[in-house]
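All the letters of the sequence shown, read from the start, carry residue numbers 0 to 446 under numbering that gives the first Met the number 0.
For glycine and all other residues, C-beta sits at the position ideal for the given N, C-alpha and C.
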Amino acid sequence: MIMRFMMIQPREIALQILYDIEKHQAYLNISFQNHVEEAGLSARDAAFVKELCYGVMQWKLRLDSSISRFSSVKLKKLSPYVLSLLRMGLYQLFFMDKIPASAAVNESVALAGRYAKQSRGFVNAILRRAVREGEQLPKGNSDEALSVRYSHPVELVRFMKGCFGEEQTLRLLQENNQTPPLFVRVNTLKTTRSDLMKGLSQENIETKEGMWSDSCLVWEGGGIQSLSAYKEGLFTVQDQSAQLAALALAPQPGERVFDVCAAPGGKTTHLAELMENKGEILALDIYEKRLHSVMETAKRLGITMIKTTVADARQFEVTEPADKILIDAPCSGMGVIRRRPDLRYKEGLTDSKELTDTQLAILDHCAGLLKDGGEMVYSTCTVNPAENEELVMSFLKKHKEFSIVPVKSPHIVGLGAELLQTGMATFYPDMQGGDGFFIAKLKKESA
């Protein structure tokens, strides 16, 4: 029983990941993947490391509040290793009920002996005081209290209150600290939703039908990539909100479609499935390496109609215009904080000027590459109105030939269909489990 908690190696890897983030501003998801792959961890140990790293980043400000209460040394005076060790230890004490307090303290102190030897006693003292006194959280709904309680920077809390009001801000703050559901999209080129559910059930993988799309499943089972159904291309992982983008565009077999911000390929391959692998999809991205992932996904799914081009969506040229264009624009990512908890601490997250300039430039350029009578879908994974509704309205003021049109798709159901009736909608993370997402469907008038 004691050996179950002797997880020095996973904790050490978690420490290295958190150190990379604190010292070198590494991205959590990339650092986690690199370290776990290099270490060759078992699935169980990798899950432990993920829980520790993602949990620490999710609750960083709340953990730091406790460190400040227990320590006379200011946070900025602590070395990255010591600060990361304290956060790890406190997270295990306050959030991981299955870890004995003795293990959380002793393993943290042991790591301090290897990475911050002079601070070993300091780490021990802080964590033992935390065991005795526990957590103390500020009460009330002031910006500062909410910032600590829900671990969001105070400027982000203020921004959210200004956009959404206090009641919805509270819901979003709570939701941003939840574990998001896992959704998959059925590859309709190879199977049906009911057949896939039956096949997965035989492998002891439980799923249930998604609520916004007739090709969506909520995944309630275990590992994915080792399954034969995954290797055979019967499904792909994609949030239920993101699945609405291609469905809203509603491409038809034989059409010419541009996906101008295509990588990593989830929406590109969805377009191809809806087109029955007939027609032409031009997939663009500014990074060649990212386009490789588009083609790898397409190959696994049995899709052959996609052509890729390294290009900037603000200035690429084509010889023939498109019937339809999908613009899944680069954005602040404010709708996916649950999945990427480090995003909330990104400097300038609420300052969208540079992003909105890029987004509008992409829309402006693509407007000239669309056939008369053609349609575009503009989508983001943010809930920031400046990148969404306000940006679309700015575009429409400049382009009188475009208008918002209702989304009509037999494949969109439930709340998804209801909200998209007007042709423009924001989906929030507290709506039936999907990520924060925005969609607007625009039509170019015929000459």
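Whole-angstrom distance between residue j and residue i, CA atom to CA atom
| i | j | result |
| --- | --- | --- |
| residue 188 | residue 273 | 8 Å |
| residue 425 | residue 435 | 7 Å |
| residue 349 | residue 313 | 23 Å |
| residue 161 | residue 213 | 36 Å |
| residue 169 | residue 154 | 15 Å |
| residue 148 | residue 398 | 44 Å |
| residue 146 | residue 412 | 36 Å |
| residue 75 | residue 107 | 20 Å |
| residue 324 | residue 374 | 7 Å |
| residue 0 | residue 267 | Residue placement at residue 0 is poorly supported in this model, since its pLDDT is 37, which falls under 50; the coordinates still yield a value, given next. Approximately 48 Å between the Cα atoms of the pair. |
| residue 403 | residue 38 | 50 Å |
| residue 356 | residue 345 | 19 Å |
| residue 429 | residue 335 | 12 Å |
| residue 176 | residue 253 | 43 Å |
| residue 300 | residue 280 | 15 Å |
| residue 93 | residue 127 | 13 Å |
| residue 255 | residue 370 | 10 Å |
| residue 9 | residue 125 | 22 Å |
| residue 60 | residue 329 | 27 Å |
| residue 384 | residue 159 | 10 Å |
| residue 222 | residue 178 | 16 Å |
| residue 2 | residue 270 | With a pLDDT of only 41 at residue 2, under the threshold of 50, the placement of this residue in the model should not be trusted; the figure read from the coordinates follows. Answer to the nearest angstrom: the Cα atoms are 50 Å apart. |
| residue 55 | residue 433 | 23 Å |
Element boundaries [beta strand (DSSP E), containing residue i]
| i | result |
| --- | --- |
| residue 378 | 369-379 |
| residue 443 | 436-443 |
| residue 306 | 305-309 |
| residue 402 | 401-403 |
| residue 235 | 234-236 |
| residue 256 | 255-258 |
Limits of the alpha helix (DSSP H) - the one that residue i falls within
| i | result |
| --- | --- |
| residue 216 | Looking at the DSSP string, residue 216 is not in any alpha helix (DSSP H); the run it does join, the beta strand (DSSP E), is 215-218. |
| residue 113 | 100-114 |
| residue 356 | 352-366 |
| residue 269 | 265-273 |
| residue 344 | No alpha helix (DSSP H) holds residue 344; DSSP gives it neither H nor E. |
| residue 390 | 388-397 |
Reduced DSSP secondary structure (H/G/I, E/B, other) of residue i
| i | result |
| --- | --- |
| residue 128 | helix |
| residue 212 | strand |
| residue 228 | helix |
| residue 338 | coil |
| residue 424 | strand |
| residue 72 | coil |
| residue 145 | helix |
| residue 382 | coil |
| residue 2 | Note on residue 2: pLDDT 41, under 50, position unreliable in the model; no value is reported. |
| residue 11 | helix |
| residue 280 | strand |
| residue 190 | coil |
| residue 183 | strand |
| residue 207 | strand |
| residue 447 | Residue 447 is absent from the model: the chain starts at 0 and stops at 446. |
| residue 33 | helix |
| residue 150 | coil |
| residue 79 | helix |
| residue 19 | helix |
| residue 243 | helix |
Any non-hydrogen atom of the ligand FMN closer than 7 Å to residue i Cβ
| i | result |
| --- | --- |
| residue 160 | By its list of ligands, the structure shown contains no ligand whatsoever, and the ligand FMN lies outside what it can speak to. |
Within-8 Å CB hit, residue i to chain C
| i | result |
| --- | --- |
| residue 16 | Absent from the structure: chain C. Only one protein chain is present. |
* Please determine if the stretch 218-238 and the stretch 169-183 are in contact, where contact requires at least 3 C-beta pairs separated by less than 8 Å. => yes
* Asked: Counting Cβ pairs closer than 8 Å, one from the stretch 299-317 and one from the stretch 12-23, do we hit at least three?
  -> no
* Asked: For the 8 Å Cβ check, are there 3 or more pairs between the stretch 281-288 and the stretch 350-364?
  -> no
* Asked: Touching or not, the stretch 64-76 and the stretch 121-141, by the rule of three or more beta carbon pairs under 8 Å?
  -> yes
* Three or more C-beta pairs below 8 Å linking the stretch 378-387 and the stretch 431-445 -> yes
* Asked: So, do the stretch 361-376 and the stretch 287-301 have three or more beta carbon pairs nearer to each other than 8 Å?
  -> no
* **beta strand (DSSP E) runs contained entirely in the stretch 283-332, provided each spans 3 or more residues** => 305-309, 321-327
* To do: Would you be able to state if there are at least three C-beta pairs under 8 Å between the stretch 259-269 and the stretch 415-430?
  => no
* Counting Cβ pairs, one atom from each stretch, are 3 or more of them under 8 Å apart for the stretch 82-96 and the stretch 25-40? -> no
* Taking the runs of the alpha helix (DSSP H) that are 4 residues or longer, which of them lie wholly in the stretch 40-74? -> 42-57, 59-69
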